[in-house]
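What follows is a short report on a single structure.
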DNA sequence: AGGCTGGATTTGTTTTTGCAACCCAGATAT
DNA sequence: ATATCTGGGTTGCAAAAACAAATCCAGCCT
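Residue numbers (the UniProt record's numbering), protein chains in the order written: chain P, 1 to 164; chain C, 1 to 164.
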């Protein structure tokens, strides 16, 4: 899959890398688990707490950080028979993590789940055909993983291009 | 993008979720940064150390864990003028993280990088056309993100199917 | 022999985590 | 009105992990 040649340094310096930057707020077991649940539709403090077994203090902290990072928002809700409470929903930015997370899930079903049949499949509702995450080019064709190369902008600490 | 309805519980119990399981070994800022560098072609202890500014103790620990998880392997190498050393390469399993990581990178370039032009683009070497990560069905057609549904295996703690 | 270097481990200190207990507001029950 | 329950937190303390610095170690060079 386009294995790059040996390098002493990444072509993109870590301080200019948005990916590395994003690990600041989601490179954390608990944050990732919260987002996983949130992408499934879970919204409430206590539901997160019981589902993922996160300590309450850590949950409060992580929700605060996810909100500060723009991934989630607080909204009021009112279930009848109880007082108004907050629920924690994904923002558009957080919702957009669905694709990377589903890519990750395919990976983990394959490599962690080994032979077991995956507990979930993605299908197209219209015809029930199975859906996966893949590379596509701008003409809508699927690109085999070994047929891609990276092009870098100049200001990154050199290492001109990189083939496969 | 197929926002799911409110739920009190994820359709897949966390103990059966390979995605959640994978967060055990890569739900960690440092592990993610190491993998990012490794996917770029970095292999040596000291290169990881200087590039990502990870404390040596933590680096040693993370490399050990990544090896134990099957994502990396140790190999001997010998640069002339110095004694034999180890280098840390991705296994096939680790290499396979390229797709999820690139999906993640598209996300972060868009949402974290805001307006800035991304430092890296993926292209097809043959015709230079730009490449992205997307959903595709089994006939090779691109699927718009709002046209997918999840199907669950039965043994997961119920919540029959889920539309969009 | 002595110094240099990449690749670690050890030691002591600071931060983060995890757990338990407590607080608080509103709904409901008495 | 008072008590009590319940979801949604905060506070305080012990345990675990992260960090920095020093040390170690093997083999290449002089």
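By construction, the Cβ of each residue, glycine as well, lies at the ideal position given by its N, Cα and C atoms. Just so we're clear, the structure is a prediction, and the values are computed from it rather than from any experiment.
- Contact annotation: residue 10(C) and residue 40(P) have beta-carbon atoms nearer than 9 Å.
- Annotation for residue 67(C): the continuous alpha helix (DSSP H) segment containing it runs 56 to 68.
- If you look at residue 52(C), you'll find it in the alpha helix (DSSP H) that goes 45 to 52.
- Boundaries for residue 76(P): no alpha helix (DSSP H) harbours it, while the beta strand (DSSP E) harbouring it runs 72 to 77, taken from the DSSP string.
- Residues 56 and 59 of the same chain have their beta carbon placed closer than 7 Å to that of residue 49(P), with the five preceding and five following residues left out of the count.
- Against chain P, the beta carbon of residue 28(C) has neighbours under 8 Å at 27, 28 and 29, listed in chain order.
- Checking the DSSP bridge columns, you'll see residue 132(C) partnered with 136(P).
- Ranked by Cα distance from residue 8(P), the options 148(C), 52(C) and 128(C) are led by 52(C).
- Contact annotation: in the region 9 to 20 of chain C, residues whose CB is within less than 9 Å of a CB in chain P are 9, 10, 11, 12, 13, 14, 16, 17, 18, 19 and 20.
- With contacts defined by Cβ atoms closer than 9 Å, residue 151(P) and residue 104(C) do not form a contacting pair.
- Within 8 Å of the CB of residue 148(P), the CB atoms of chain C belong to 122, 123, 124, 125 and 131, in sequence order along the chain.
- In chain order, 123 place their CB closer than 8 Å to the CB of residue 129(C), counting only its own chain and leaving out the 5 sequence neighbours on each side.
- Taking the beta carbon of residue 81(C) as reference, no residue of chain P falls within 7 Å; the closest one sits roughly 16 Å away.
- Taking a cut-off of 8 Å for Cβ pairs, the region 125 to 142 of chain P and the region 102 to 116 of chain P touch, as three or more such pairs fall below it.
- For residue 90(P), the enclosing beta strand (DSSP E) has its first and last residue at 85 to 90.
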